[in-house]
Amino acid sequence: MTGFRTRFAPSPTGFLHLGHVASACHARDMAGHDGTFLIRIEDIDPQRCLPAFTQALLDDLEWLGFESAEPVICQSAHLPYYRSMLDTLREQGLVYACTCSRAEMQAGAVGIAPDGSAVYGGHCRGRHGQIVPDQPHVWRLDMDAALKRLGFIPSWQEGAQCIEGRAQDFGDVVLGRRDNGVSYHLCVTCDDARQGITCVTRGADLYEATSVHRVLQELLGFAAPLYVHHGLICDEAGRKLSKRDGAESLRALREKGMSAAAIIALARSSIARTPFNGGADYSGG
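Under full-length UniProt numbering, think of the first position of the sequence shown as 1, with each following residue one higher.
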């Protein structure tokens, strides 16, 4: 099952590690000889995403032999586009301004979403279309209104399986952050559509978020891609490799004398030991 248009989309919040290499291999494998493999930089977080890390990861990918078939897109250069998509939803009366602080949001949470995040209690719901220029705020999707507009809960194709969506269990997710006016859910959905991605390959930690992305695709008139999530490489404590937790970087492996071929082989063997069975063995969180 190859010949797709795929992408590898890291965030430049640190140096690449073995988990990134495995994810890039997975995306390129799904593209195959007849498909298209793209590299995209997801750098909308102005506090954590640094230009130096962007250049470092591009250099490392080149050293490994990963090449984007088209110019690399950096999300930070396209914020007006994402905001225009948010405006479209705002005009439909499907998003509202939320001025709750993080502490207020946590205190008023009404459950845990499938991805492990807190479900917003809806204190600010009802402000549809209103602007609050004098108060810090985020923009939330009114999930109940969105699903009512669609008339169904979107499912998705995970490999050969049809997966029932769980969007209703996420509550009113954030589509526009305080700092830059956009969020991961919005940007990744818009980018996959405008880049014509036909197969989204990514780690199992983003499996549950697909329910939200499918809702946005339907609301914005985007085509639904195929999804193929892969298992995560974990450390000795069973935690997924993470820059925050000090996962050994690709650069450190290079300094130890490992070749590009050896690192790719190690990534492939590591992910082969942690298969992902289309959600049957993963519950999020």
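Idealized CB from N, CA, C, for every residue including glycine.
Would you tell me roughly how many angstroms separate the C-alpha atoms of Lys-148 and Ala-113, rounded to the nearest one?
19 Å
For Ala-69, which residues from the same chain have a beta carbon less than 7 Å from its beta carbon, with the 5 sequence-adjacent residues on both sides left out?
Thr-36, Phe-37 and Leu-38
What is the DSSP secondary structure of Gly-271, counted as helix, strand or coil?
Here residue 271 turns out to be Ile, not Gly, going by the sequence shown. Looking at Ile-271 - three-state DSSP - the assignment turns out to be helix.
Three-state secondary structure assigned by DSSP to Val-212
helix
What does DSSP give as the partner residues of Ile-163 in its beta bridges?
Trp-156
Which residue or residues does DSSP assign as beta-bridge partners of Val-138?
Cys-98
Asp-43 and Ser-23 - do their beta-carbons sit closer together than 8 Å?
no
The beta strand (DSSP E) enclosing Gly-203, as first and last residue numbers:
199-203
Looking at C-beta atoms only, is the number of pairs between the segment 90-97 and the segment 62-76 that lie closer than 8 Å three or more?
no
From the DSSP secondary-structure annotation, give me the bridge partner or partners of Arg-5.
Thr-36
Gly-19 to Gln-75 span [Cα, whole Å]
22 Å
Given a threshold of 16 other Cβ atoms within 10 Å of its Cβ, counted over all protein chains shown, does Gln-161 qualify as buried or as exposed?
exposed
To the nearest angstrom, how far is the alpha carbon of Ile-263 from that of Asp-192?
28 Å
Just how far apart, CA to CA, sit Gly-159 and Tyr-227?
6 Å
Which two residues bound the contiguous beta strand (DSSP E) that contains Leu-18?
Here Leu-18 belongs to no beta strand (DSSP E); instead the alpha helix (DSSP H) covers 18-31.
Give a yes or no on whether the C-beta atoms belonging to Asp-142 and Arg-125 are separated by under 8 Å.
yes
Report, in whole angstroms, the separation of the C-beta atoms of Phe-276 and Ser-211, which I expect to be a contact under 8 Å.
Their Cβ separation, rounded to whole angstroms, is 17 Å, which puts Phe-276 and Ser-211 out of contact at 8 Å.
Out of curiosity, what's the CA-to-CA distance linking Lys-256 and Gly-14?
19 Å
From Arg-90 to Arg-48, what distance separates their C-alpha atoms?
28 Å
Same chain only: Cβ atoms within 8 Å of Pro-154, ignoring 5 sequence neighbours per side
Gly-165, Ala-167, Ser-211, Arg-214, Val-215, Gln-217, Glu-218 and Ala-224
How big is the Cα-Cα spacing for Val-138 and Pro-51?
25 Å
For Cys-187, which of helix, strand or coil comes out of DSSP?
helix
Under 8 Å between the Cβ atoms of Leu-86 and Val-174?
no
Secondary structure of Gly-284, DSSP reduced to three states
Only weak support exists for where Gly-284 lies, its pLDDT of 39 falling under 50; the value from the coordinates is given anyway. Residue state, collapsed to three classes: coil.
So, helix, strand or coil for Leu-266, using DSSP?
helix
Helix, strand or coil at Ala-77 according to DSSP, with G and I counted as helix:
helix
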